[in-house]
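Below is one structure; the comments refer to it alone.
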Amino acid sequence: MGMDRRAFLGLAGAGLGGTVLLAACSQIGGNKRVKGPTIGMLQFIDAAPPNSVRKGFMAALAKAGYVEGKSLNVIQKDAAGELANTTLVAKQFVGAPVDLFLAIGTPPLQAAMQVAPATLPVVFCYCSNPWGAGAGTPPGGVGQHKPNVVGTIGTNPVGKELDLAREVDPNLSTVGLIYNPGEPNSEFEAKVLLQEAARRGIRVETQPVANSGEVLQAAQALAEDKVGAFVKIGDYATIQAFSSICKVGLERKIPVYSVDPPDIDLPGCLGVIGWSYYDDGFAAGELAVRVLKGESPAKMAFEPLTKTELLLNRTTAKAIDVTLSEPLLQRANKVVG
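Laid out in structure tokens, this is it:
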């Protein structure tokens, strides 16, 4: 799918240049527009986790009869990891105009809350911290959020991630965490991880980074500190450079754990416990269908994700001299290698 040239040039004129990478799948206002609602879809980066969320969302809409190019128009963008771009794209969606704003991730939701008028429905997913984005107050029940917004809450199961690491190594006492404290989602999940680690008597060694280019050096520094494992939270810098952490884990024989299921296929990632991102998107899509059919988001509650997936990499285990117990392997939803 190529980006609609007029849409791209409009963004470039607004200061985005070539940083918005995903295509506009409908030429809003052009001859390819079909009869039906228009959805503006914004994600922070082009990466496997948010892409899987988007696929699930589209599947839910298609199941309800909203098929892209037949009964649905879609403008699809990503912000190339730049917070300023989320605001610029959000403004474009408002001006298009779109009938529904899909925010995939905390930064896009934050932009939507700042830009979208109260008359524009906003649905969010792949979001750990809707509160920090200004969408409402916990737990997000009816009357606890802005009347035009609803979505799924996906605060990553970092406590279960620590439990997995401790099950593999009962003597685990320290873990290394790399994250960008400038991201509202990362700062929030880092605090949750620190709380969960304290409950388990695990010390967390942290290395803050400003972007993905600093991740490799941060991982090497934590390895020098002899952490017992690397753990990951919902953080865009480490999503983009997680292979660097895995590389250091392989070299130093340090277990690496993630909350993003696609990571399990990376050499060096030992285990993942996290949400099914496709299911996250599908659940958000079902909420969007209700909105498109006339239900007010004000009468709907935020929906927390509850079902996790356990994935293990036996090839990585052998490479770093770690034994995965048979009961653990039997519980896994997927075993690689």
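Counting in this note's numbering, the sequence shown runs from 2 upward without gaps.
Where is the CB? At the ideal position from N, CA and C, for every residue including glycine.
Subject >> Beta-carbon contacts of Glu168 that lie in its chain and below 8 Å, excluding the five residues immediately before and after >> reply: Cβ within range, chain order: Ser326, Leu329.
Original post:
Between Leu313, Ala299, Gln331, Val337, which lies nearest to His146 when the distance is taken from Cα to Cα?
Top reply: Checked all of Leu313, Ala299, Gln331, Val337; the closest Cα to His146 is Ala299.
**OP:** Put Leu267 into one of helix, strand or coil per three-state DSSP.
**Re:** Correct three-state label for Leu267: coil.
**OP:** With a 10 Å radius around its C-beta and 16 neighbouring C-beta atoms as the bar for buried, classify Asn186 as buried or exposed.
**Re:** Counting Cβ neighbours within 10 Å, Asn186 comes out buried, since at least 16 surround it.
Original post:
How big is the Cα-Cα spacing for Phe401 and Ala318?
Top reply: Nothing can be reported for residue 401, as the shown portion of the chain is limited to 2 through 338.
Original post:
Is the beta carbon of Thr156 less than 8 Å from the beta carbon of Cys126?
Top reply: Contact flag unset, no.
Original post:
Would you report the Cα separation of Cys247 and Ala85, rounded to the nearest angstrom?
Top reply: If you draw a straight line from the Cα of Cys247 to the Cα of Ala85, it comes to about 30 Å.
**OP:** Run the CB neighbour count on Lys78, radius 10 Å, all protein chains shown included, and call it buried at 16 or more, exposed below.
**Re:** By the neighbour-count criterion, in which a residue is buried when 16 or more other Cβ atoms sit within 10 angstroms of its Cβ, Lys78 is buried.
Original post:
Pro51 lies in the alpha helix (DSSP H); which residues open and close that run?
Top reply: 49-64 is the extent of the alpha helix (DSSP H) around Pro51.
Original post:
Apart from the five residues on each side of it in sequence, which residues of its chain come closer than 8 Å, Cβ to Cβ, to Glu206?
Top reply: Excluding residues within five positions, the ones whose Cβ falls inside 8 Å are Thr175, Val176, Gly177, Leu178, Leu223, Asp226, Val228.
Original post:
Would the beta-carbon of Glu190 fall within 8 Å of that of Ser129?
Top reply: Between Glu190 and Ser129, the C-beta gap is smaller than 8 Å, which places the two residues in contact.
**OP:** Decide yes or no for the touch test of the segment 159-173 against the segment 228-238: beta carbon pairs closer than 8 Å, at least 3 of them.
**Re:** Enough Cβ pairs lie closer than 8 Å, so yes.
Subject >> Whether Ile234 touches Val159 by CB criterion (8 Å) >> reply: A contact, by the Cβ cut-off of 8 Å.
**OP:** Give the range of the beta strand (DSSP E) segment to which Thr309 is assigned.
**Re:** Start and end: 309-314.
Subject >> Segment contact flag, the segment 37-53 with the segment 248-258, C-beta cutoff 8 Å, min 3 pairs >> reply: The answer is no - the segment 248-258 does not touch the segment 37-53, with fewer than three Cβ pairs under 8 Å.
Original post:
Quick one: is Thr324 buried, meaning 16 or more other Cβ sit within 10 Å of its Cβ, or exposed?
Top reply: Exposed.
Original post:
Who are the Cβ neighbours of Asn334 in its own chain at under 8 Å, not counting the five residues just before and after it?
Top reply: Around Asn334: Glu310, Leu311, Leu312.
Subject >> CB contact flag (Tyr180, Pro209, <8 Å) >> reply: Using a Cβ distance threshold of 8 Å, Tyr180 and Pro209 count as a contacting pair.
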